[in-house]
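Novice: Numbering (my numbering), first residue to last: 653 to 755.
1. Which residue from 755, 711, 667, 684 puts its Cα closest to that of residue 746?
2. Taking the straight line between their C-alpha atoms, what separation do you get for residue 700 and residue 706?
3. Measure the alpha-carbon distance for residue 673 versus residue 680 and round it to whole angstroms.
4. Shortest alpha-carbon distance to residue 738 belongs to which of 727, 704, 684, 691?
5. By the three-class DSSP mapping on this structure, what secondary structure does residue 660 have?
6. Since residue 706 is in the beta strand (DSSP E), which residue starts that stretch and which ends it?
7. Just to confirm my understanding: we take residue 742, look at its own chain, exclude 5 residues before and 5 after, and list those with CB closer than 6 Å. What are they?
8. Can you say whether residue 744 is buried or exposed, counting buried as having 16 or more other CB atoms within 10 angstroms of its CB?
9. Do you know offhand how far residue 732's Cα is from residue 656's?
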């Protein structure tokens with residue numbers, strides 16, 4: 653397995669009128685796109701009680717993570733998915749791992 657060096661964190665809420673079930677189904681459709689990107693390791697998505705979603709994607713390197721993000725923003729087939737995200741409630745950031753503890 654390739655070494656994870658980058659964590660991509662995305663936090664958002666859905667636009668008004670989209671219920672959590674619809675939002676979950678929509679955002680899960682990104683799996684096919686993300687999994688095909690060079691440098692991809694894994695993806696986990698979670699929903700908090702307050703309706704915020706958290707998406708954590710693990711990458712081998714920052715260049716791969718940024719390239720995948722740029723490609724996603726240009727992909728017309730992903731527009732319906734991204735249109736469910738409230739841009740006012742959107743946080744996106746990459747982090748370089750410096751400490752790792754596993755059991």
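Cβ coordinates follow ideal geometry from the N, Cα and C atoms, glycine included.
Specialist: To lay it out plainly:
1. The shortest Cα separation from residue 746 among 755, 711, 667, 684 belongs to 711.
2. 8 Å
3. 11 Å
4. 704
5. strand
6. 705-711
7. 664
8. Under a 10 Å Cβ-count criterion, residue 744 is classified as exposed, with fewer than 16 other Cβ atoms of the shown protein chains found around its own Cβ.
9. 30 Å
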